[in-house]
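Here's the structure, in structure tokens; my notes come after.
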Amino acid sequence: MIDPSGDCDRRESGPDAGDGHPAGSDVAVRPAGRADLLDVLRIERESFAEPWPYAAFESLVDAPAFLVAVTGTDDNRPILGYVVGDVTPNHGRDIGHIKDLAVRTDARGAGIGRRLLREALVELSLSGAVVAKLEVREGNDAARSLYRAEGFEPTRRVPRYYGDGEDALLLVTDL
Numbered sequence: 334m335i336d337p338s339g340d341c342d343r344r345e346s347g348p349d350a351g352d353g354h355p356a357g358s359d360v361a362v363r364p365a366g367r368a369d370l371l372d373v374l375r376i377e378r379e380s381f382a383e384p385w386p387y388a389a390f391e392s393l394v395d396a397p398a399f400l401v402a403v404t405g406t407d408d409n410r411p412i413l414g415y416v417v418g419d420v421t422p423n424h425g426r427d428i429g430h431i432k433d434l435a436v437r438t439d440a441r442g443a444g445i446g447r448r449l450l451r452e453a454l455v456e457l458s459l460s461g462a463v464v465a466k467l468e469v470r471e472g473n474d475a476a477r478s479l480y481r482a483e484g485f486e487p488t489r490r491v492p493r494y495y496g497d498g499e500d501a502l503l504l505v506t507d508l
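The structure is reproduced here in structure tokens:
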């Protein structure tokens, strides 16, 4: 359900498609908190035909790579996008999983999705993951291009992964 027009896990959106705020010095990436969840949910609903429910985000709020991108300098900085990633122990070869990534429609095309992905991969590595995986729609060329550029390689096809019957590709990268 990742996206840069992409998707990782089960959906699709556009973290790097469109115009918007630059992913420069006025954009910060920080851990998500409970106070961010309603804004994250708004972006989720705007981005995906089958959005996650609030409870899904709430259950992952302490995940090592649940990050938000914000802009501005005051305490009420708007959330531009988010990424959700966690780590699963695997006999000394822990696996990071990018579960969700989306960027607000008006902030796409500025590299925010790429920045969120990169920072999430760092957090997964710091949390002990040695590889990271994600799922992407087979037909999502923009997302696949981003993930390929970030070192992800396809390992297998998952038939009918998405609610509309489209296949997913499982992509993996070493951390």
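In short: position in the sequence shown from 1, add 333, done, that's the numbering used here. Think of the CB as a built atom: it goes at the ideal place given N, C-alpha and C, for glycine as much as any other residue.
Give me the DSSP bridge partner(s) of Tyr415. Val401 and Ala435
Continuous beta strand (DSSP E) stretch holding Asp507: start and end: Ala501 to Asp507
Rounded to whole angstroms, what's the CA-CA distance from Val455 to Glu499? Just pull it up for me. 30 Å
Given a cut-off of 7 Å on the beta-carbon distance, is the pair Lys432 and Val417 in contact? yes
The segment 386-406 / the segment 358-367 touching (three or more Cβ pairs under 8 Å): yes
For Pro355, is the classification buried or exposed, using 16 other Cβ atoms within 10 angstroms of its Cβ as the cut-off for buried? In this predicted model, Pro355 has a pLDDT of only 47, less than 50, meaning its place in the structure is not dependable enough to derive any value.
Can you round the beta-carbon distance between Ala462 and Asp427 to whole angstroms, since I take them to be within the 8 Å contact cut? 5 Å
Continuous alpha helix (DSSP H) stretch holding Ala368: start and end: Note, Ala368: premise wrong, no alpha helix (DSSP H); not H, not E.
Give me the Cα-Cα distance between Tyr494 and Gly414, rounded to the nearest whole angstrom. 24 Å
Would a C-beta distance cut-off of 7 Å place Glu510 and Gly496 closer than the cut-off? Since the displayed the chain opens at 334 and closes at 508, residue 510 lies outside it and no answer follows.
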